[in-house]
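Just so you know, the protein sequences line up as chains X and U, in that order.
Each residue of the first sequence is one higher than the one before, starting from 6 at the first, in this note's numbering.
Each residue of the second sequence is one higher than the one before, starting from 6 at the first, in this note's numbering.
We put the beta carbon where it would ideally sit given N, CA and C, even for glycine.
Down below is the structure, laid out as structure tokens.
2 protein chains.
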Amino acid sequence: MLDDRKKRILQAIVDEYVNTAEPVSSGSISKKKGLDFSSATIRNEMSELEKSGYLEKTHTSSGRVPSAKGYRMYVDELLKEDNISLDEIKFIKEKLQTKVNQIEDLMKIATNTLSEVTHYTTVAIGPKVTKQIIQEIKFVLLGNRMLMAVILTNTGMVRETIINFEEDIYEDQIQTINVLFNSKLKGKPFDSINEPLEDFIFTEMESSANMIKTIIEQLNKVIYEESKLYLEGTNKSFELPELEKAETAKNFINILENKAEVVDLLDNEISKDISVYIGDELDDENLKDFSIITLKGEGKGMGTIGIIGPKRMNYSKVISVMRYIQKLIDEGGL
Amino acid sequence: MLDDRKKRILQAIVDEYVNTAEPVSSGSISKKKGLDFSSATIRNEMSELEKSGYLEKTHTSSGRVPSAKGYRMYVDELLKEDNISLDEIKFIKEKLQTKVNQIEDLMKIATNTLSEVTHYTTVAIGPKVTKQIIQEIKFVLLGNRMLMAVILTNTGMVRETIINFEEDIYEDQIQTINVLFNSKLKGKPFDSINEPLEDFIFTEMESSANMIKTIIEQLNKVIYEESKLYLEGTNKSFELPELEKAETAKNFINILENKAEVVDLLDNEISKDISVYIGDELDDENLKDFSIITLKGEGKGMGTIGIIGPKRMNYSKVISVMRYIQKLIDEGGL
DNA sequence: TTTAGCACTCAAAGAGAAAGACTGCTAAAA
DNA sequence: TTTTAGCAGTCTTTCTCTTTGAGTGCTAAA
């Protein structure tokens, strides 16, 4: 589709624009080494790149800015994935080696690290619990009327929830419940909590029937409760020239404020390990001037981490860093 | 100090400025009912109010704006505390009646409600655990090497933490530990965890000595871990004309991003139930254009809720709403 | 196919000029 | 003694006009 020289010029334009945030002129590109043509030649090429939709102008006599299509081409075909320095590697490694008690704590560290290294705002949601396998479920009596249910899943994740009762609870009831829930749920996915209980339970355990119902209700809440949200480096985005425009800044705040939307964003997409969404590819008015890159860690008890940056984000750096973090997590032992 | 008319004029000016965010002219005040003097008279009074430091001008021929001293006078002496409508009362009541399993969940609801009703950004931190009395402490074995400690305090708060071990743990060890920690801690404040253990423990329970050490370490982390932070209505602040100035917006973001500082703000001040901090009274460069009003709920298992708004915040409305929420919480049963 | 050169376009920045919202002050009125 | 009308003076805001400079597109020559 695009010949080699056009690709190289497009690449140079995106790289330049990522750095400067200013429309790129033919002159500045012709000065780059590796592209030793006069500005007039570059100008002709740029004009054609614009006709094919890879570049845009802000006004008749301005330089060029990459279009969404241009960024897409850059991300899919032109981007180099080794944009990470030795210092950064060292920094990331050290941070991710921090000892944690729960795998979810690692999410927090990874989110923070990603934001520190890339200087963009990072959002993450914890892993979804629904499809995880229950390894063990225990009940703890607190006081006389408060019960805590603690559930351990196959990925090593722990979920706990508190259930209040109107009447006193007795130790032998807890025994019964312990046996019941473990036999019912052990080895099954979290959402099998809703499978109907056999009838005999309600006849044989009549005295605890209400209690069992209440517990199931509350466990359901745990399944569908909002995922934990991690957010790092909001202020970093406010250093961007893009956010000097009040409207863009407002859009950005709206994105972050609307937690449900952020969760959807990171969660619902049928994304691969690393995915890039550019501008309005995500069909959200607030996001039209931003891009999102997500890293999925599901299955390893990690959730999804996302970076929100301007459309002219440093895709190369972000993806390189994400790949490296992914590699460290995969190697495990962390 | 200030005669009655001056006070009424100052009050009118603050009220007007809170509404419009524009410097207030003598003309606009003389039109207000209850102040039937000519603009010239008002002008003379305003000039004197400025000399005494209650008002400021933005330039020679501009209207007047309240100074920090002016706001302080307004808050301390002129403010009416019944600025709350029946609709608002109904709305708040309904929200706060939501059934919750933990008292801390009520914090979240209160924070959200406060932001909804006042249209300002609201921050809250959970109650401090340090001085609370331990009512019960239980240990739950998860898998073979993971232990969860669950602590119930006198305010009904529950704290849990996970501790990982390098070696397998046996049920009888848990028994021992249960007895030990309960006899040591029951009825004592949370931070007494650090009181030294009697020597005999380490001789008699030699096999578990390491385990006990690890547990104490981890419980210490729970005490001093960052308080939970609730944040609502960030985007509401971005509707303020004040935040159209890029610098003010940046300051605002910095305040919110710097979690440690927010915690200090809400926590360390020797504030009463409701306290008002105006502009640079808090000696923080970022806060110089903002005011903070805090509501302390400590002791009832609630933490501290704070509203961050512009200096020309609607003190009257915010305080009225806070008082009402405080009343509802005090009446308890919630 | 590439490039030099030049006309043309448009945004950004600055310089006046005009309008309008205030104040402060003075002198008269209450 | 207190209040007020009236007016000069100040400063911001807004508008228009001009200048500057960074770009492009096109043509004709290399």
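Inset, instruction - Enumerate in chain order the residues of its own chain whose CB-to-CB distance from Y22/U is below 7 Å, with the five nearest sequence positions on each side excluded. - result: Translated into positions along the second sequence, residue 22/U becomes position 17. V29, V70, P71, R317.
Inset, instruction - Measure the CB-CB distance between K270/U and L287/U and report whether it falls below 8 Å. - result: On the second sequence, position 265 is the one that residue 270/U refers to. On the second sequence, position 282 is the one that residue 287/U refers to. Per the sequence presented here, residue 270/U reads as Leu, with Lys not at that position. Contact check for L270/U against L287/U passes: the beta carbons are separated by less than 8 Å.
Legend entry - Cβ distance (whole Å) where G311/U is taken to contact K233/U below 8 Å: Taking the second sequence and counting its residues from 1, the one referred to as residue 311/U is at position 306. Taking the second sequence and counting its residues from 1, the one referred to as residue 233/U is at position 228. Contact doesn't hold; Cβ gap of about 14 Å is too wide.
Inset, instruction - Could you list which residues in chain X have their beta carbon closer than 9 Å to that of I167/U, in chain order? - result: As a first step, residue 167/U must be located in the second sequence, where it is residue number 162. What I167/U touches in chain X: N106, Q107, V163.
Inset, instruction - Give the residues of chain X in contact with Y254/U, contact being defined as C-beta atoms less than 8 Å apart. - result: Numbered from its first residue, the second sequence carries residue 254/U at position 249. Sequence check: residue 254/U is Ala here, not Tyr. Listed along the chain, the chain X residues whose CB falls inside 8 Å of the CB of A254/U are F243, A254.
Inset, instruction - Give the DSSP-derived three-state secondary structure of M6/X in the structure shown. - result: In the first sequence, residue 6/X corresponds to position 1, counting from 1. Of the three classes helix, strand and coil, the one that applies to M6/X here is coil, per DSSP.
Inset, instruction - Give the residues of chain U in contact with G39/X, contact being defined as C-beta atoms less than 7 Å apart. - result: The residue given as residue 39/X occupies position 34 in the first sequence. Neighbours of G39/X on chain U: none; closest Cβ ~38 Å, over 7 Å.
Legend entry - Every unbroken beta strand (DSSP E) inside the region 253-326 of chain X [3 residues or more]: If we require 3 residues or more, the beta strand (DSSP E) runs fully inside the region 253-326 of chain X come out as 279-283, 295-301, 309-315.
Inset, instruction - Just the C-alpha distance for L119/X and E82/X, rounded to the nearest angstrom, thanks. - result: Within the first sequence, the letter at position 114 stands for residue 119/X. Within the first sequence, the letter at position 77 stands for residue 82/X. Each residue's alpha carbon lies about 24 Å from the other.
Inset, instruction - For D173/U, count neighbouring Cβ atoms within 10 angstroms of its own Cβ and tell me buried if that reaches 16, exposed if not. - result: To locate residue 173/U, count along the second sequence from 1; it is residue 168. It counts as exposed.
Inset, instruction - Taking only the alpha-carbon atoms, compute the straight-line gap between N169/U and I139/X and give it to the nearest angstrom. - result: As a first step, residue 169/U must be located in the second sequence, where it is residue number 164. As a first step, residue 139/X must be located in the first sequence, where it is residue number 134. Between the alpha carbons of N169/U and I139/X lies a distance of about 19 Å.
Legend entry - Near-chain X residues of the region 55-85 of chain U - C-beta to any C-beta below 7 Å: Taking 7 Å as the Cβ-Cβ cut-off against chain X, none of the residues of the region 55-85 of chain U qualify.
Inset, instruction - Show which residues of chain U have a CB atom less than 9 Å away from the CB atom of G148/X. - result: Taking the first residue of the first sequence as 1, we reach residue 148/X at position 143. At a beta-carbon threshold of 9 Å, the residues of chain U lying near G148/X are Q140, E141, L157, G161, ordered along the chain.
Inset, instruction - Following the continuous alpha helix (DSSP H) through M112/X, name the residue where it begins and the one where it ends. - result: Locating residue 112/X in the first sequence gives position 107, where the first residue counts as 1. Counting along the chain, the alpha helix (DSSP H) containing M112/X begins and ends at 108-123.
Inset, instruction - Please report the residue range of the beta strand (DSSP E) in which T166/U lies. - result: Here the question's residue 166/U lines up with position 161 in the second sequence. Residues 163-169.
Inset, instruction - Find the nearest neighbour of Y76/U within the set I298/U, S213/U, N149/U, judged by alpha-carbon distance. - result: Position 71 of the second sequence, counting from 1, holds the residue named residue 76/U. It is I298/U.
Inset, instruction - Say whether chain U places a C-beta atom closer than 8 Å to the C-beta of T239/X. - result: As a first step, residue 239/X is located in the first sequence; it is residue number 234 there, counting from the start. Taking 8 Å as the threshold, the shortest C-beta distance from T239/X to chain U falls below it.
Legend entry - First through last residue of the alpha helix (DSSP H) which encompasses A26/X: Your numbering for residue 26/X matches position 21 in the first sequence. Per DSSP, A26/X lies in no alpha helix (DSSP H) and is assigned neither H nor E.
Legend entry - Contact with chain U by M153/X, beta-carbon distance below 8 Å: The residue you call residue 153/X lines up with position 148 of the first sequence. So yes, M153/X belongs to the interface.
Inset, instruction - Would you mind reading off the limits of the alpha helix (DSSP H) that contains I228/X? - result: As a position in the first sequence, residue 228/X is number 223, starting the count at 1. Counting along the chain, the alpha helix (DSSP H) containing I228/X begins and ends at 214-229.
Legend entry - Helix, strand or coil at A129/U according to DSSP, with G and I counted as helix: Sequence index remark: in the second sequence, residue 129/U carries index 124 (1-based). The answer is strand: DSSP assigns A129/U an E or B state.
Inset, instruction - Could you check if L91/U is buried or exposed, using at least 16 other CB atoms within 10 Å of its CB as the buried criterion? - result: In the second sequence, counting from the first residue as 1, residue 91/U sits at position 86. Note on L91/U: under 16 other CB atoms within 10 angstroms of its CB, so exposed under the neighbour-count rule.
Legend entry - Neighbour-count burial assignment, D20/X, 16 or more Cβ in a 10 Å radius: Residue mapping note: residue 20/X aligns to position 15 of the first sequence, counting from 1. Classification of D20/X: buried, given that the 10 Å Cβ count is 16 or more.
Legend entry - Cβ pair T4/X, T127/X closer than 8 Å: Limits of chain X in this structure are 6 at one end and 339 at the other, which puts residue 4/X out of reach.
Inset, instruction - Inspect the beta-carbon positions of N240/U and N291/U and report whether they are closer than 8 Å. - result: The residue you call residue 240/U lines up with position 235 of the second sequence. The residue you call residue 291/U lines up with position 286 of the second sequence. The answer is no: Cβ separation not under 8 Å.
Inset, instruction - Report the neighbours of V227/U on chain X: residues whose CB is nearer than 7 Å to its CB, in chain order. - result: Mapped onto the second sequence, residue 227/U falls at position 222. Neighbours of V227/U in chain X, taken as residues whose beta carbon is under 7 Å from its own, are absent, since the nearest beta carbon is some 11 Å off.
Legend entry - Where E237/U falls, given that 16 or more other Cβ within 10 Å makes a residue buried: Residue mapping note: residue 237/U aligns to position 232 of the second sequence, counting from 1. By the Cβ-count criterion, E237/U is buried, with 16 or more other Cβ atoms from all chains shown falling within 10 Å of its own Cβ.
Legend entry - C-alpha distance - A45/U paired with S31/U, whole-angstrom precision: Working through the second sequence from its first residue, we reach residue 45/U at position 40. Working through the second sequence from its first residue, we reach residue 31/U at position 26. Linking A45/U to S31/U through their CA atoms gives a straight-line distance of about 7 Å.
Inset, instruction - Answer with yes or no whether the minimum CB distance from V128/U to chain X is below 8 Å. - result: Along the second sequence, one-based indexing puts residue 128/U at 123. By this cut-off, V128/U is not an interface position.
Inset, instruction - Give a yes or no on whether the C-beta atoms belonging to I34/U and L60/U are separated by under 8 Å. - result: Within the second sequence, the letter at position 29 stands for residue 34/U. Within the second sequence, the letter at position 55 stands for residue 60/U. Not a contact, by the Cβ cut-off of 8 Å.
Legend entry - For S66/X, the nearest candidate out of L245/X, S52/X, S57/X, Q137/X (CA to CA): Your numbering for residue 66/X matches position 61 in the first sequence. For S66/X, the nearest C-alpha among the options comes from S52/X.
Inset, instruction - Kindly indicate if chain U contains any beta-carbon less than 8 Å away from that of I258/X. - result: On the first sequence, residue 258/X is found 253 positions in, with the first residue counted as 1. For I258/X, the answer is yes, since a Cβ of chain U falls inside 8 Å of its Cβ.
Legend entry - Close-in-space but distant-in-sequence residues of the same chain around Y320/X (CB under 6 Å, 5 per side omitted): Walking along the first sequence from the start, residue 320/X turns up at place 315. Taken in chain order, the residues that qualify are V80, L84.
Inset, instruction - Would you tell me roughly how many angstroms separate the C-alpha atoms of D110/U and G306/U, rounded to the nearest one? - result: The residue labelled residue 110/U in the question sits at position 105 within the second sequence. The residue labelled residue 306/U in the question sits at position 301 within the second sequence. Their Cα atoms are separated by approximately 11 Å.
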